[in-house]
Amino acid sequence: MGHLDHAAFGLLTPVLSYAMAVIGAALGLRCTVRALSATGRSRRNWLITAASAIGTGIWTMHFVAMLGFAVRGTDIRYNVPLTILSLVVAVLVVGAGVFCVGYGRNRAVALLIGGLSTGLGVASMHYLGMAALRLHGTVHYDPLLVALSVAIAVVAATAALWAALNIKSPVAVAVAALVMGAAVSSMHYTGMLAVGVDVAPAEGHLPGATAMQFIFPLAVGLGSYLFVTAAFVALSPTAGERAAYFTAEQATDHGPETTDKPGQNVAHA
């Protein structure tokens, strides 16, 4: 069995991947809070932004962590179509979860269904990403640790959606995002502990792209998307701020009203 290193660059990849998970979670939760106070097209747009933020954050967390993954005795390549598919799966399943919560009439049922579907989707993204690995040898998994990683994903997803429904203040959202980031990272590294590799030395060329050729540029691009979107959300006024601005504008346009009429205050003889 080949020796596996999950942090080939030291603490850099675990810390950076955790940061990506936290940023995605914080942005997604904030967008979901905005969506729940909006209606119509605005609610839909906020939910789409939330899904893309959380899904992108989870995917970026996974593959930034994978930059530090190495197996002694073999190079590692990634199948590009499968890797892209894992990103699409992450965004779509998270989207299903947040839309279920955003439009569900019974919040308890919506939370359970959304948490389960999102958690299973996140786990699917992880193992689909692992299926994209190409190396000289065979990859196998510990079933118990796989089951534990899936359970962590479901609990983490359910907790995130619960937070979106019940937490409103920015400070509480930040704390929830830190917890969510830790849960997602725990799911990833539990899943990685389940991995074993039987290396089969070979001189043939491995198909696919290296992490630095493909994963790193894509992760940088998606990370930039998260930062830009976070800035947009931070600068975008809330529903309460828009209502206050509209009220102030109405008052300014109409000016002070008076009920006095000419001659009303003239004393009668």
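Residues 0 to 268 in numbering that gives the first Met the number 0 are what the sequence shown lists, from first letter to last. Beta carbons are placed, not taken as given, at the ideal position from N, Cα and C, and that holds for glycine.
Separation of residue j from residue i, as counted between CA atoms
{"i": "G23", "j": "V196", "result": "31 Å"}
{"i": "A210", "j": "D74", "result": "10 Å"}
{"i": "V79", "j": "F213", "result": "8 Å"}
{"i": "S16", "j": "G220", "result": "14 Å"}
{"i": "F8", "j": "G39", "result": "47 Å"}
{"i": "L192", "j": "A37", "result": "42 Å"}
{"i": "A173", "j": "P13", "result": "20 Å"}
{"i": "A156", "j": "V121", "result": "8 Å"}
{"i": "G42", "j": "C30", "result": "Inspection of the sequence shows that residue 42 is occupied by Arg rather than by Gly. Cα-Cα distance, rounded: 9 Å."}
{"i": "G94", "j": "H139", "result": "30 Å"}
{"i": "F68", "j": "L160", "result": "30 Å"}
{"i": "N105", "j": "V32", "result": "17 Å"}
{"i": "L217", "j": "V92", "result": "20 Å"}
{"i": "L147", "j": "T251", "result": "60 Å"}
{"i": "L180", "j": "V198", "result": "First, the residue type needs correcting, since residue 180 is Gly and not Leu in the sequence shown. Each residue's Cα considered, the two are about 32 Å apart."}
{"i": "G190", "j": "V178", "result": "18 Å"}
{"i": "S116", "j": "V88", "result": "12 Å"}
{"i": "D141", "j": "H2", "result": "16 Å"}
{"i": "L119", "j": "L143", "result": "16 Å"}
{"i": "F231", "j": "A171", "result": "20 Å"}
{"i": "A109", "j": "A34", "result": "15 Å"}
{"i": "V145", "j": "L84", "result": "21 Å"}
{"i": "H204", "j": "G72", "result": "14 Å"}
{"i": "A131", "j": "S223", "result": "24 Å"}
{"i": "T137", "j": "V194", "result": "10 Å"}
{"i": "S235", "j": "Y102", "result": "23 Å"}
{"i": "A107", "j": "A182", "result": "22 Å"}
Cβ-based neighbour list, residue i, same chain, cut-off 6 Å, excluding 5 preceding and 5 following
{"i": "L11", "result": "none"}
{"i": "L86", "result": "W58"}
{"i": "T257", "result": "Caution is warranted here: a pLDDT of 48 is assigned to T257, below 50, making its placement in the model unreliable, and the coordinate value is therefore given only provisionally. Closer than 6 Å at Cβ, skipping near neighbours: no residue."}
{"i": "G113", "result": "G96, C99, V100, L160"}
{"i": "D4", "result": "A69"}
{"i": "F62", "result": "I214, A218"}
{"i": "L66", "result": "T12, A210"}
Under the three-state DSSP convention, the category residue i falls into
{"i": "G203", "result": "coil"}
{"i": "I75", "result": "strand"}
{"i": "R133", "result": "strand"}
{"i": "L3", "result": "strand"}
{"i": "A37", "result": "coil"}
{"i": "T258", "result": "Confidence in T258 is poor, its pLDDT being 48 and thus under 50, which makes the residue's placement unreliable; the coordinate value appears in the next sentence. It is coil, neither helix nor strand."}
Residues of its chain near residue i, where Cβ-Cβ distance is below 8 Å and the 5 sequence neighbours each way are ignored
{"i": "P206", "result": "R76, N78, R133"}
{"i": "L225", "result": "M19, I22, G23, L26, A52, T55, G56, T59"}
{"i": "A268", "result": "Here the model assigns A268 a pLDDT of 40, short of 50, so the residue's position is not dependable and the matter cannot be decided."}
Close-in-space but distant-in-sequence residues of the same chain around residue i (CB under 7 Å, 5 per side omitted)
{"i": "A176", "result": "V21, A24, A25, L28"}
{"i": "A201", "result": "H135"}
{"i": "A229", "result": "I22, L26"}
Proximity test, Cβ basis, 8 Å: residue i and chain B
{"i": "A182", "result": "The chain inventory of the structure shown lacks chain B, comprising one protein chain alone."}
(message) Between the region 29-48 and the region 96-106, can you find at least three pairs of beta-carbon atoms closer than 8 Å?
(response) yes
(message) Assess contact between the region 122-130 and the region 165-173, defined as three or more Cβ pairs (one per stretch) separated by less than 8 Å. Is contact present?
(response) no
(message) Taking contact to mean 3 or more Cβ pairs, one atom from each stretch, closer than 8 Å, check whether the region 176-192 and the region 145-163 are in contact.
(response) yes
(request) Please specify which runs of the beta strand (DSSP E), each continuous and at least 3 residues long, are wholly inside the region 170-218, giving them in chain order. (result) 194-198
(message) Quick check on the DSSP output: what are the complete beta strand (DSSP E) runs of length 3 or more inside the region 55-99, in order along the chain?
(response) 75-77
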